[in-house]
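In this note's numbering, the protein residues as written are 5 to 172.
From the three backbone atoms N, C-alpha and C, an ideal C-beta is built for every residue, glycine too.
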Ligand SMILES: [Fe+2]
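What follows is the structure, given as structure tokens:
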């Protein structure tokens, strides 16, 4: 079984031990149930060289925390960093079950988070991180995850700009 902290060192940035432990058990459970190797699982979207599913989630943690730093410093808006980090790590994890239905991974991921007793705020981040989340009012943390997720994908796919530079 993959060592989750080695795979995603940002897990250690979660201050609440219960959230951290439940997150690790959720990642281990989905890896065991799906039979995939999370160290190798691709992000999809035709992105091969630039990273795996888990490197996408790690990038989101760092991007989301940078956003939190800015809005806390400049706008004095408090962000729950534990929810933010856990939401980034789990948002796409159910893609390991298949990409045939884009709605499905948001909800199967949310069920996974709930099954592992993660806070309801984390469940909602996962449930609303994609386009179907437009149908409800997202939390502050879910709004950050939604935007950094699409920003990272657009950067990696190069869909909306003219030159893609992928460094090794
Ligand atoms: Fe994503």
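Beta-ladder partner(s) of residue i, from DSSP
i: residue 56; result: 46
Option nearest residue i by Cα separation, candidates the options
i: residue 31; options: 83, 62, 97, 22; result: 97
i: residue 14; options: 61, 6, 33, 76; result: 61
i: residue 133; options: 124, 10, 148, 120; result: 148
i: residue 110; options: 76, 65, 153; result: 153
i: residue 151; options: 77, 63, 78; result: 63
Beta-carbon contacts of residue i that lie in its chain and below 6 angstroms, excluding the five residues immediately before and after
i: residue 227; result: Because the chain in this structure spans residues 5 to 172, residue 227 falls outside the shown range and cannot be described.
N-terminal and C-terminal residue of the alpha helix (DSSP H) that residue i is part of
i: residue 24; result: 21-38
i: residue 148; result: 144-161
i: residue 101; result: Segment: none, residue 101 is in no alpha helix (DSSP H) and carries neither H nor E.
i: residue 125; result: 124-132
Own chain partners of residue i with C-beta closer than 8 angstroms, once the 5 adjacent residues on each side are dropped
i: residue 122; result: 23, 26, 27, 30, 90, 94
i: residue 5; result: 32, 35, 36
i: residue 181; result: Given a span of 5 to 172 for the chain in the structure shown, any question on residue 181 remains unanswerable.
i: residue 72; result: 83, 85, 88, 148
i: residue 75; result: 81, 83
i: residue 66; result: 14
7 angstroms CB neighbourhood of residue i in its chain, flanking five on each side removed
i: residue 38; result: 100, 101
i: residue 114; result: 127, 130, 131
i: residue 8; result: 15, 28, 31, 32
i: residue 4; result: What the structure shows of the chain is the stretch from 5 to 172, and residue 4 is not part of that stretch, so it cannot be assessed.
**OP:** Please list, following the chain, all residues that have a C-beta closer than 6 angstroms to any non-hydrogen atom of ligand 1.
**Re:** Matched residues: 60, 95, 96, 153.
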